[in-house]
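*Asks:*
Numbering (this note's numbering), first residue to last: 15 to 172.
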């Protein structure tokens with residue numbers, strides 16, 4: 015069975031990793047109906063992560079991220095909803111994200127926590143512009159703050 019990573023053509027066109035990934039996923043989705051369900055679900059996870067990163071970089075509005083989240087929920091309804099299937103789809107999404115060495119599980123967990131905490135506290139519609147380097151720095155700082163808040167500065171999110 016073809017995975018998302020195997021079928022996704024990567025074409026870096028900008029200096030922004032997540033903008034390029036989001037665009038590449040958009041091109042991939044044009045052949046969506048011919049893709050296996052697992053790759054389609056992986057696409058949904060990867061697209062949501064990219065959208066959250068683009069929000070953090072000031073390129074997406076909060077409402078854009080919510081629209082992508084709605085697509086992810088629809089994909090869950092259309093595909094296998096078992097835990098095993100969803101975990102396998104998320105693992106495929108992480109394979110695609112691994113094109114950038116700092117885009118690992120700890121980063122994704124931190125980004126998700128940062129985004130959800132912001133939304134829960136009335137997030138602004140748009141963030142200030144940030145480069146990739148600033149985005150990864152922001153998430154590293156947020157991860158440190160999370161660890162200190164939990165009282166264990168050496169705790170890993172893996």
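We treat Cβ as the ideally placed atom computed from N, Cα and C, and that holds for glycine. These figures come from a predicted structure and were not determined experimentally.
(1) Please state whether the Cβ-Cβ distance between residue 57 and residue 105 is less than 9 Å.
(2) Once the 5 residues before and after residue 156 are set aside, which same chain residues still bring their CB inside 8 Å of it?
(3) Could you tell me the boundaries of the alpha helix (DSSP H) in which residue 91 lies?
(4) Give me, in chain order, the residues of the same chain whose beta-carbon lies closer than 7 Å to that of residue 142; leave out the 5 immediate sequence neighbours on both sides.
(5) Buried or exposed for residue 170, going by 16 or more other Cβ atoms inside 10 Å?
(6) Following the continuous alpha helix (DSSP H) through residue 67, name the residue where it begins and the one where it ends.
(7) Tell me, please, whether the stretch 25-40 touches the stretch 63-78 by the rule of three or more beta-carbon pairs shorter than 8 Å.
(8) Residue 40 to residue 21, Cα distance in whole Å?
(9) What is the rounded straight-line gap between the Cα of residue 55 and the Cα of residue 69?
(10) Enumerate in chain order the residues of its own chain whose CB-to-CB distance from residue 135 is below 6 Å, with the five nearest sequence positions on each side excluded.
(11) Would you report the Cα separation of residue 138 and residue 45, rounded to the nearest angstrom?
(12) Hey, residue 18 and residue 65 are a contact pair by Cβ (cut 8 Å); roughly how many whole angstroms apart?
*Replies:* According to the data block:
(1) Locating residue 57 in the chain shown gives position 43, where the first residue counts as 1. Locating residue 105 in the chain shown gives position 91, where the first residue counts as 1. No, Cβ-Cβ distance for residue 57 and residue 105 is not below 9 Å.
(2) Your numbering for residue 156 matches position 142 in the chain shown. Cβ neighbours of residue 156 beyond the five flanking positions: 124, 127, 128.
(3) Walking along the chain shown from the start, residue 91 turns up at place 77. First-last of the alpha helix (DSSP H) with residue 91: 76-92.
(4) Start at 1 with the first residue of the chain shown, and residue 142 comes out as number 128. These residues qualify, in order along the chain: 72.
(5) Stepping through the chain shown from its first residue, residue 170 is reached at position 156. Only weak support exists for where residue 170 lies, its pLDDT of 45 falling under 50; the value from the coordinates is given anyway. With fewer than 16 Cβ atoms within 10 Å of its Cβ, residue 170 is classed as exposed.
(6) Position 53 of the chain shown, counting from 1, holds the residue named residue 67. Start and end: 51-70.
(7) A contact exists between the stretch 25-40 and the stretch 63-78.
(8) The residue you call residue 40 lines up with position 26 of the chain shown. The residue you call residue 21 lines up with position 7 of the chain shown. About 13 Å.
(9) Here residue 55 refers to the residue found at position 41 of the chain shown. Here residue 69 refers to the residue found at position 55 of the chain shown. So the two alpha carbons sit approximately 21 Å from each other.
(10) Within the chain shown, the letter at position 121 stands for residue 135. No residues qualify anywhere along the chain.
(11) The residue labelled residue 138 in the question sits at position 124 within the chain shown. The residue labelled residue 45 in the question sits at position 31 within the chain shown. As the crow flies, the alpha-carbon of residue 138 is around 34 Å from that of residue 45.
(12) As a working note, residue 18 is residue 4 in the chain shown. As a working note, residue 65 is residue 51 in the chain shown. Actually they are not in contact, since the Cβ atoms of residue 18 and residue 65 sit about 16 Å apart, beyond 8 Å.
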